[in-house]
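Numbering (full-length UniProt numbering), first residue to last: 1 to 144. For reference, the structure is listed below as structure tokens.
In structure tokens:
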């Protein structure tokens, strides 16, 4: 069934709107919402020695996509790759001071987005939505 009432269409619309709003908000930093999430993730997991392979798993993206993000962020001076001292074949991604300085702004932005998403929901509705969305995610994990 192809129409505007399917759940697939609704999820696609929500995803598109979130990306559009996020990219617009992050224009001043010359970053996309995905790049901001990438920097935030690296910052949160700084002590774990995150590699590009780790990012592929965390973001469920192909190696070429992650490689492109890493290359662009490196070129913009937000991150750097260094050889892992424990395994010279691995390169660990580090957030540079320029990226670290933006993490608080990103957190504020993502918190604002979260508030906007659940505007008008009571706590019970928020919990129910989260539970249902996690079920959808699990259903789709099973199919992949």
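Ideal placement from N, C-alpha and C gives every residue a C-beta, glycine not left out.
Does residue 118 come out as helix, strand or coil in the three-state DSSP assignment? Within the chain shown, numbered from 1, the residue matching residue 118 stands at position 118. Coil.
With DSSP collapsed to three states, give me the class of residue 80. To locate residue 80, count along the chain shown from 1; it is residue 80. Residue 80 falls in the strand class under three-state DSSP.
Roughly how far, in whole angstroms, is the beta-carbon of residue 93 from the beta-carbon of residue 81, given that I think they are within contact range, below 8 Å? Along the chain shown, one-based indexing puts residue 93 at 93. Along the chain shown, one-based indexing puts residue 81 at 81. That pair is a contact at about 6 Å.
Could you spell out the range, first to last residue, of the beta strand (DSSP E) harbouring residue 50? Position 50 of the chain shown holds residue 50. No beta strand (DSSP E) holds residue 50; DSSP gives it neither H nor E.
Measuring CA to CA, which of 104, 119 and 85 is closest to residue 48? Stepping through the chain shown from its first residue, residue 48 is reached at position 48. Of the listed residues, the one whose Cα sits closest to residue 48 is 85.
Can you list the alpha helix (DSSP H) stretches of 4 or more residues lying completely in the region 14-48, in chain order? 33-44
Where residue 61 sits in the DSSP three-state scheme: Translated into the one-based positions of the chain shown, residue 61 becomes position 61. Three-state DSSP puts residue 61 in coil, outside helix and strand.
Expected contact under 8 Å - CB spacing of residue 40 and residue 121 to nearest Å: Counting from one through the chain shown, the residue named residue 40 turns up at place 40. Counting from one through the chain shown, the residue named residue 121 turns up at place 121. At roughly 24 Å, the Cβ-Cβ gap does not stay under 8 Å, so residue 40 and residue 121 are not in contact.
8 Å contact criterion, which residue 91 and residue 83 should meet: CB distance rounded: Residue numbering aside, residue 91 sits at position 91 when the chain shown is read from its first letter. Residue numbering aside, residue 83 sits at position 83 when the chain shown is read from its first letter. Yes, residue 91 and residue 83 are in contact; Cβ-Cβ is about 6 Å, under 8 Å.
Using a Cβ distance threshold of 8 Å, determine whether the region 59-76 contacts the region 26-40, with at least three qualifying pairs required. yes
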